[in-house]
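Peer 1: Just passing along the structure, written as structure tokens.
Residue numbers (the numbering used here): 1107 to 1431.
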């Protein structure tokens, strides 16, 4: 039976729309912490930028991974096109940054906010195509609903990344909440056409995914990393980014495992994924061990730093006394 006919018999376009709208709204949950905190200090801003880099890298890798086996050449072309596109956008905005405004921001802050929100919106395009194709696939509504749930859950940390970047620029909490949701709306807007025209969008998905990944990788290193280094050290940036990337991927793997247990082949690209790997209990044990090791190293580093500071203070006091004598 033709895929388009199969999809129309199992699920309606309205069902896909409502499911994906709720999925997009989940992004706004990432902004909730900023309803309970005041304006960020410099070190917190740096840490937030580092966390955003971690989320962007993990999300980029996920998009590329989802496209494996669906058209590798299109993925590579998409990454290249995305890199060139976002670079040109950055140059255009930099040349006209005096005219750029965004939620009360002007100049360079407005330019960076526009770039970040734009990239996150492009990233949602690939995910929207993937959700629509999953609803129109052989698994029908059940498969599509599970994929929608999975993307909705990992929309939350992506919303947090968007909110932290906007908060660091001084955007108000209500506005940044609205923008986090807006960045995810293409998921709902493109899911329905992808559901109706399954074959076309399944062929376009690799390019869209690669395009979004190229944009996200570029902006991570061109904009977010320099901003983070203004207030935190390179080591702190590397540690925070790596830990955030690991946490994001751990969440995704946990969701994938849960979906696989619920419905084998729950993702429309599951057939192209590696079936091997650590079992969830062993994976959890590894993550906990790494977390404990990181905590031990952090405590040791803090003690060394405290001892060093104490030694410097003592040396300064002795020098002062000798000068007084």
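Cβ atoms here follow ideal geometry from the backbone N, Cα and C, with glycine treated the same way.
None of these values were measured; they are calculated from a predicted model.
#1: Across the region 1126-1140 and the region 1312-1322, are there enough close Cβ pairs to call them in contact, namely three or more that are closer than 8 Å?
#2: Let's test the definition: count the other Cβ atoms within 10 Å of the Cβ of residue 1258 and tell me whether it reaches 16, buried, or not, exposed.
#3: May I ask which residues mark the beginning and end of the alpha helix (DSSP H) holding residue 1192?
#4: Could you tell me which residues DSSP pairs with residue 1217 in its beta bridges?
#5: Indicate the three-state DSSP secondary structure (helix, strand or coil) for residue 1264 in the structure shown.
#6: Using a 10 Å radius around the Cβ and a threshold of 16 neighbouring Cβ atoms, would you call residue 1332 buried or exposed?
#7: With the cut-off set at 8 Å, would you say residue 1294 and residue 1126 are in Cβ contact?
#8: Does the count of Cβ pairs from the region 1146-1159 and the region 1303-1315 closer than 8 Å reach three?
#9: With a cut-off of 8 Å, do at least 3 Cβ pairs link the region 1208-1227 to the region 1270-1286?
#10: Which ranges does the alpha helix (DSSP H) cover as unbroken runs of at least 4 residues, wholly within the region 1288-1359, from first to last along the chain?
#11: For residue 1172, which of helix, strand or coil comes out of DSSP?
#12: Comparing C-alpha positions only, which one of 1275, 1267, 1274 sits nearest to residue 1165?
#13: Could you compute how far the alpha carbon of residue 1255 sits from the alpha carbon of residue 1328?
#14: Check the C-beta distance from residue 1057 over to residue 1140 and give it rounded, since I have them as a contact under 8 Å.
#15: Could you check if residue 1117 is buried or exposed, using at least 16 other CB atoms within 10 Å of its CB as the buried criterion?
#16: With a 10 Å radius around its C-beta and 16 neighbouring C-beta atoms as the bar for buried, classify residue 1278 as buried or exposed.
#17: Smallest Cα separation from residue 1340: which of 1149, 1174, 1170?
#18: Tell me the residue span of the alpha helix (DSSP H) that contains residue 1130.
#19: Write down the C-beta distance between residue 1231 and residue 1299 rounded to the nearest angstrom, noting that I regard them as a contact closer than 8 Å.
#20: Leaving out five residues on either side along the sequence, give the residues of the same chain with a beta carbon under 8 Å from the beta carbon of residue 1213.
#21: Under a Cβ-count criterion, where at least 16 other Cβ atoms within 10 Å of its own Cβ denotes burial, should residue 1313 be classed as buried or exposed?
#22: Give me the DSSP bridge partner(s) of residue 1208.
#23: Just to confirm my understanding: we take residue 1154, look at its own chain, exclude 5 residues before and 5 after, and list those with CB closer than 6 Å. What are they?
#24: Just to confirm, are residue 1223 and residue 1289 a CB contact at a threshold of 8 Å?
#25: Is DSSP giving residue 1148 helix, strand or coil here?
#26: Please identify the residue among 1178, 1183, 1229 whose C-alpha is closest to the C-alpha of residue 1296.
Peer 2: In brief:
#1: Cβ pair count under 8 Å is below three, so no.
#2: On the chain shown, position 152 is the one that residue 1258 refers to. So residue 1258 ends up on the buried side.
#3: Within the chain shown, residue 1192 is the residue found at index 86, counting from 1. Per DSSP, residue 1192 belongs to the alpha helix (DSSP H) from 1178-1201.
#4: Residue mapping note: residue 1217 aligns to position 111 of the chain shown, counting from 1. None, per the DSSP bridge assignment.
#5: Position 158 of the chain shown, counted from the first residue, corresponds to residue 1264. For residue 1264, the secondary structure class from DSSP, reduced to helix, strand or coil, is helix.
#6: Residue 1332 sits at position 226 when you count from the first residue of the chain shown. The residue in question, residue 1332, is exposed, as its Cβ has fewer than 16 Cβ neighbours within 10 Å.
#7: Taking the chain shown and counting its residues from 1, the one referred to as residue 1294 is at position 188. Taking the chain shown and counting its residues from 1, the one referred to as residue 1126 is at position 20. Yes, Cβ-Cβ distance for residue 1294 and residue 1126 is below 8 Å.
#8: Of all C-beta pairs linking the region 1146-1159 to the region 1303-1315, fewer than three are shorter than 8 Å, placing the two stretches out of contact.
#9: The answer is yes - the region 1270-1286 touches the region 1208-1227, with three or more Cβ pairs under 8 Å.
#10: Counting whole runs of 4 or more residues, the region 1288-1359 contains the alpha helix (DSSP H) stretches 1304-1325, 1331-1335.
#11: Within the chain shown, numbered from 1, the residue matching residue 1172 stands at position 66. In the structure shown, residue 1172 falls within a helical segment according to DSSP collapsed to helix, strand and coil.
#12: The residue labelled residue 1165 in the question sits at position 59 within the chain shown. The residue with the shortest Cα to Cα distance from residue 1165 is 1267.
#13: For this step, residue 1255 is matched to residue 149 along the chain shown. For this step, residue 1328 is matched to residue 222 along the chain shown. Taking the straight line from one Cα to the other gives about 32 Å.
#14: A question about residue 1057 goes unanswered here, because the residues of the chain that appear run from 1107 up to 1431.
#15: If you number the chain shown from 1, residue 1117 lands on position 11. With a threshold of 16 other beta carbon atoms within 10 Å, residue 1117 meets it and is buried.
#16: As a position in the chain shown, residue 1278 is number 172, starting the count at 1. Exposed, since its Cβ has fewer than 16 Cβ neighbours within 10 Å.
#17: For this step, residue 1340 is matched to residue 234 along the chain shown. Considering only alpha carbons, the answer is 1149.
#18: As a first step, residue 1130 is located in the chain shown; it is residue number 24 there, counting from the start. Looking at the DSSP string, the run of the alpha helix (DSSP H) that includes residue 1130 is 1119-1131.
#19: As a position in the chain shown, residue 1231 is number 125, starting the count at 1. As a position in the chain shown, residue 1299 is number 193, starting the count at 1. The beta-carbon separation of residue 1231 and residue 1299, rounded to 11 Å, does not stay under the 8 Å limit for a contact.
#20: As a first step, residue 1213 must be located in the chain shown, where it is residue number 107. Excluding positions up to five away in sequence, the list reads 1203, 1204, 1206.
#21: In the chain shown, residue 1313 corresponds to position 207, counting from 1. It counts as buried.
#22: Here residue 1208 is taken as the residue at index 102 of the chain shown, counted from 1. As computed with DSSP, residue 1208 is found in a beta bridge with 1211.
#23: The residue labelled residue 1154 in the question sits at position 48 within the chain shown. 1270, 1274.
#24: Counting from 1 along the chain shown, the entry for residue 1223 is found at position 117. Counting from 1 along the chain shown, the entry for residue 1289 is found at position 183. Less than 8 Å separates the beta-carbon of residue 1223 from that of residue 1289.
#25: Here residue 1148 corresponds to residue number 42 of the chain shown, with the count starting at 1. It is helical.
#26: Sequence index remark: in the chain shown, residue 1296 carries index 190 (1-based). The residue with the shortest Cα to Cα distance from residue 1296 is 1229.
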